[in-house]
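Read left to right, the sequence shown gives residues -22 to -1, 1 to 146 (mature numbering (1 follows the signal peptide of the UniProt record, and there is no 0)). Glycine included, every Cβ here is placed at the ideal spot set by N, Cα and C. One structure is given below, encoded as C-alpha cells.
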Amino acid sequence: MNRRFAPLTILALLLAALPAFGQVYSWKDKDGRTHYGDMPPAAVEATLLRGPQAGAAPTVRSSGEAGGAPDLPAPVSPSAPRSLAEREQAFQERRAAEAEAAAKLAEEAAARDETERFCASAQHELAALRAGQRMVRFNARGEREFLDDQARAEQAARLERQLAERCR
C-alpha cells in the first residue's frame, strides 16, 4: 500500500464507522405504528434503543428544540397528562391561573397606593386646618368661599373620622 494513501484510507474508515456511534430511537405515531430513527419528531415520547444511556427512561422531545439539543426526561408521575392536548390544556390552565394571580396582586397594589395617597392628602389637609390656614372651597355656583370656624371644625372632624377608618 502506498504511504500517501494510508491516512486517507484510515480517515475514510473512521467516517464510515461514525453512524455506528449514533443514537437510535423508537416511537409510536398516532396510528400506533412503531418507527425507528436517529431523531424522534418533536413532542413525541421516544425510547432510546442504542447510543449513550440506552435503556434509560423514555424521553420527550420539546417542540422548540434544535436538532442536536439534549432530550428532556418524560413525565414520571402517573397523574401527569400524557397526550399533547392534555399537556397543552394543563399549560393553558397554569398560565391563566398565573395571570389571574398577577392581576389580583396588581389590583391589591393599586388599592394600597390609592389608600396611601388618600391618607397623605387627608393628613396634610387636617394639619392645615389645625394650623389655622385659610381654607377655600367652591360653592354650587363655582364661586370661592372661605371656611368659617364652624366649617373648619366640621371638616376637621370629617377628616379625623376618615383617617381613623381608612388609615390604620
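| field | C-alpha gap between D91 and L104, whole angstroms | value | Taking the first residue of the sequence shown as position 1, residue 91 is located at position 113. Taking the first residue of the sequence shown as position 1, residue 104 is located at position 126. Here the alpha carbon of D91 sits roughly 20 Å from the alpha carbon of L104.
| Nearest to R144 by alpha carbon, out of E71, R65 and F96? | Locating residue 144 in the sequence shown gives position 166, counting from the first residue. Considering only alpha carbons, the answer is F96.
| query | Within 10 angstroms of its Cβ, does P18 collect 16 or more other Cβ (buried), or is it exposed? | reply | As a first step, residue 18 must be located in the sequence shown, where it is residue number 40. Looking at its Cβ environment, which holds 16 or more other Cβ atoms inside 10 Å, P18 is buried.
| task | Over the uninterrupted beta strand (DSSP E) stretch that includes S61, give me the two end residues. | result | Within the sequence shown, numbered from 1, the residue matching residue 61 stands at position 83. Here S61 belongs to no beta strand (DSSP E), and DSSP marks it neither H nor E.
| field | For A79, three-class secondary structure by DSSP | value | Numbered from 1 along the sequence shown, position 101 holds the residue referred to as residue 79. If DSSP states are grouped into helix, strand and coil, A79 belongs with the helices.
| query | Between the C-alpha atoms of R60 and A24, what's the straight-line distance to the nearest angstrom? | reply | The residue you call residue 60 lines up with position 82 of the sequence shown. The residue you call residue 24 lines up with position 46 of the sequence shown. Rounded to the nearest angstrom, the two C-alpha atoms are 13 Å apart.
| message | Taking 7 Å as the threshold (C-beta atoms), are L107 and Q128 in contact? | response | In the sequence shown, the residue the question calls residue 128 occupies position 150. In the sequence shown, the residue the question calls residue 107 occupies position 129. Contact flag unset, no.
| request: Put V54 into one of helix, strand or coil per three-state DSSP. | output: Reading the sequence shown from its first residue, position 76 is the one you call residue 54. Note that V54 has pLDDT 47, beneath the 50 cutoff, so the model's placement of it is unreliable and the number below is only indicative. V54 carries a coil assignment under DSSP once its states are collapsed to helix, strand and coil.
| field | Rounded C-alpha distance that separates E94 from A135 | value | Locating residue 94 in the sequence shown gives position 116, counting from the first residue. Locating residue 135 in the sequence shown gives position 157, counting from the first residue. Rounded to whole angstroms, E94 to A135 spans 20 Å at the Cα level.
| Which value, in whole angstroms, describes the spacing of the CA atoms of Q1 and A79? | Counted from its first residue, the sequence shown places residue 1 at position 23. Counted from its first residue, the sequence shown places residue 79 at position 101. It is roughly 44 Å from the alpha-carbon of Q1 to the alpha-carbon of A79.
| For L26, which three-state DSSP category applies? | Mapped onto the sequence shown, residue 26 falls at position 48. Three-state DSSP puts L26 in a strand.
| Hey, how far is the Cα of D126 from the Cα of R72? | Numbered from 1 along the sequence shown, position 148 holds the residue referred to as residue 126. Numbered from 1 along the sequence shown, position 94 holds the residue referred to as residue 72. A straight-line Cα-Cα distance of about 60 Å links D126 and R72.
| message | So if DSSP puts residue 179 in a beta bridge, which residue, or which two residues, is it bridged to? | response | No answer is possible for residue 179: it lies beyond the span of the chain, which begins at -22 and ends at 146.
| request: Name, in chain order, the residues that DSSP records as bridge partners for E123. | output: For the purposes of this step, residue 123 is taken as the residue at position 145 of the sequence shown. Looking at the DSSP assignment, E123 forms a beta bridge with R115.
| task | Identify, in the order they occur along the chain, each residue of the same chain with its Cβ nearer than 6 Å to the Cβ of R146, setting aside the five sequence neighbours on each side. | result | In the sequence shown, residue 146 corresponds to position 168, counting from 1. Taken in chain order, the list of residues that qualify is empty.
| request: Grab the span of the beta strand (DSSP E) containing K6 for me, first residue to last. | output: As a first step, residue 6 must be located in the sequence shown, where it is residue number 28. Segment V2 to K6, the beta strand (DSSP E) holding K6.
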